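K.L.:
Chains as they are written, first to last, in the working numbering: chain A, 1 to 223; chain B, 1001 to 1223. All residues carry an ideal CB built from backbone N, CA and C; glycine is no exception. Fair warning: this is a prediction, and the values are worked out from it, not measured in the lab.
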DNA sequence: ACTGTTTTTCACCGATTTTTCACCGCACCG
DNA sequence: CGGTGCGGTGAAAAATCGGTGAAAAACAGT
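1) Confirm, please, whether the CB-CB distance from residue 1028 of chain B to residue 1002 of chain B is below 9 Å.
2) Runs of 3 residues minimum, wholly inside the segment 101-180 of chain A: which ones carry the beta strand (DSSP E) assignment?
3) Just how far apart, CA to CA, sit residue 1049 of chain B and residue 1208 of chain B?
4) Please report the distance separating the alpha-carbon of residue 104 of chain A from that of residue 1063 of chain B.
5) Could you check the C-alpha separation between residue 12 of chain A and residue 1085 of chain B for me, to the nearest Å?
6) Roughly how many whole angstroms lie between the Cα atoms of residue 1133 of chain B and residue 166 of chain A?
7) Strictly under 9 Å for the Cβ-Cβ distance: is residue 1123 of chain B near chain A by that measure?
8) Which class does residue 4 of chain A belong to by DSSP, given the choice of helix, strand or coil?
9) Does the CB of residue 176 of chain A have a neighbour CB from chain B at under 9 Å?
10) Pull the bridge partners of residue 1031 of chain B from the DSSP assignment, please.
11) Would you check if the distance between the CB atom of residue 1096 of chain B and the CB atom of residue 115 of chain A is smaller than 9 Å?
12) What span of residues does the alpha helix (DSSP H) with residue 1189 of chain B cover, start to end?
13) Is the Cβ-Cβ distance between residue 1108 of chain B and residue 89 of chain A less than 9 Å?
14) Would you mind reading off the limits of the beta strand (DSSP E) that contains residue 1053 of chain B?
15) My understanding is that residue 10 of chain A touches residue 56 of chain A, with C-beta atoms under 8 Å, so please give their C-beta distance in whole angstroms.
16) For residue 1195 of chain B, count neighbouring Cβ atoms within 10 angstroms of its own Cβ and tell me buried if that reaches 16, exposed if not.
17) Could you give the first and the last residue of the continuous alpha helix (DSSP H) run that contains residue 1069 of chain B?
18) Within 10 angstroms of the Cβ of residue 1154 of chain B, are there 16 or more other Cβ atoms? Answer buried if so, exposed if not.
19) Put residue 85 of chain A into one of helix, strand or coil per three-state DSSP.
20) Within this structure, are the beta carbons of residue 1000 of chain B and residue 1061 of chain B separated by less than 9 Å?
21) With DSSP collapsed to three states, give me the class of residue 214 of chain A.
22) Between residue 1053 of chain B and the rest of its own chain, which residues show a CB-CB distance below 8 Å, the 5 nearest in sequence each way excluded?
The following block contains the structure:
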């Protein structure tokens, strides 16, 4: 699935130079030019990564960091002209995953993006819990040792849940990442798929043990 | 629990300056001064993080990176005199999580270590206040260890308060953040939510201890 | 073209959540 | 003393959401 990045910067020049480069690498790109809209876009787009400028109108970059961290573990790379030790330490300690000083070299930014995104996938190889075994590298799901037949969409949704196992995944997040950004409000799809997943994976589909509903928010894969 | 770090560098000066600083931060430190022993130490010590120099006898830093990545997801921070774009990109693409150019500033190194370790720790994403525990990755609120059921709006308001814990948050600020800018004067909403939050979180909802009213201003989360 | 599977769409029900409204109490002030 | 503004309280109406099942549509393989 295509990974998505939210670029937050008030300098149109930076945005204009970064965006096409990211798209050329195959990322979906969303843009915000101040802190307020950044948080709004973040909710809507549920990006896999946030590229964040520090100096911004409306809401300071550090504040944006905190707010994002308070509601998700999405990786953040700060990009800023401020190169002072104190700025770097502050940003990293407020939830940023990496810090790059402007002007930066594009290929380094891309490499750091790859590194941070890779980290999110490293810890996932296989998930084993109770009678389920999910191997994301081989795209294989076993239930009590027996392979389970999942359709592509079913698997994609399950993978999304397992990727954030024990964490909540928004219904909108699922739709966006499985079907694509343009389907943002087609939450009915998810209902159906979750149901089929539960029938195939849960001992008692009506009282789910793994795929738990988080009312009015989304779902959660509980180990 | 004490975290352990494996420092790999062939320059005794660097090792001598870093090691005590790390220990002062409460890390266990293991040392290796060439690639061969680095891998050996890695097996023995199973560190939480590796600080890796690139230029080394016996086995090159990139190679060490690859070997480690083949068998584990342990985070790696590369520290090197080589600051060329190509070096950085190569290291990051071979499994390094971060790259710092020598000479570096100690506090920045420490901050980057914290950032990388935090990512691996699921616990670190929790905010602990009084007898409340807010786990943002799981979107889970615990009160004295017991999970509390919060609706999305309740959770959002609480998050807003906790984000500025011990500081005052304007009623209007809350409305704007949670409901959106267009609802700017719908302060009635907040009344209701605060009430429900107090019922769910306070020992005595009528005499709040955590969610304190700041008359004529807003509310404050007091630890 | 036929068949079986997968995905999409739709409608209903019950439960929860959010909103709205009316009233209460209290502090402050002239 | 009475008025006024602000926050607390409670309840009822309205909106939203998730589970369920079923049927239509799209799709794949033969």
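P.N.:
In brief:
1) For residue 1002 of chain B and residue 1028 of chain B, yes; Cβs fall inside 9 Å.
2) Taking only runs of at least 3 residues, the beta strand (DSSP E) segments lying wholly in the segment 101-180 of chain A are 126-129, 132-135, 140-143, 168-170.
3) Those two C-alpha atoms are separated by around 43 Å.
4) Roughly 27 Å between the two C-alpha positions.
5) Just so you know, the alpha carbons of residue 12 of chain A and residue 1085 of chain B end up roughly 25 Å apart.
6) Those two C-alpha atoms are separated by around 16 Å.
7) Summary for residue 1123 of chain B: the model assigns pLDDT 45, below 50, so the residue's position carries little reliability, and this model does not support an answer.
8) Taken through DSSP and simplified to helix, strand or coil, residue 4 of chain A comes out as strand.
9) The beta-carbon of residue 176 of chain A is placed no less than 9 Å from the nearest beta-carbon of chain B.
10) Residue pairing by DSSP places residue 1031 of chain B opposite B/1007 in a beta bridge.
11) A contact, by the Cβ cut-off of 9 Å.
12) Looking at the DSSP string, the run of the alpha helix (DSSP H) that includes residue 1189 of chain B is 1187-1201.
13) Yes, these two residues count as a Cβ contact at 9 Å.
14) Residues 1049-1053.
15) Yes, they are in contact, since the Cβ atoms of residue 10 of chain A and residue 56 of chain A sit about 5 Å apart, within 8 Å.
16) Per the 10 Å Cβ criterion, exposed.
17) Per DSSP, the continuous alpha helix (DSSP H) segment holding residue 1069 of chain B begins and ends at 1061-1071.
18) By the Cβ-count criterion, residue 1154 of chain B is buried, with 16 or more other Cβ atoms from all chains shown falling within 10 Å of its own Cβ.
19) Helix at residue 85 of chain A.
20) Past the edges of chain B, shown from 1001 to 1223, lies residue 1000 of chain B, and the structure says nothing about it.
21) Look at residue 214 of chain A here: in three-state DSSP terms it is strand.
22) Cβ neighbours of residue 1053 of chain B beyond the five flanking positions: 1008, 1009, 1010, 1011, 1014, 1061, 1078, 1079, 1080.
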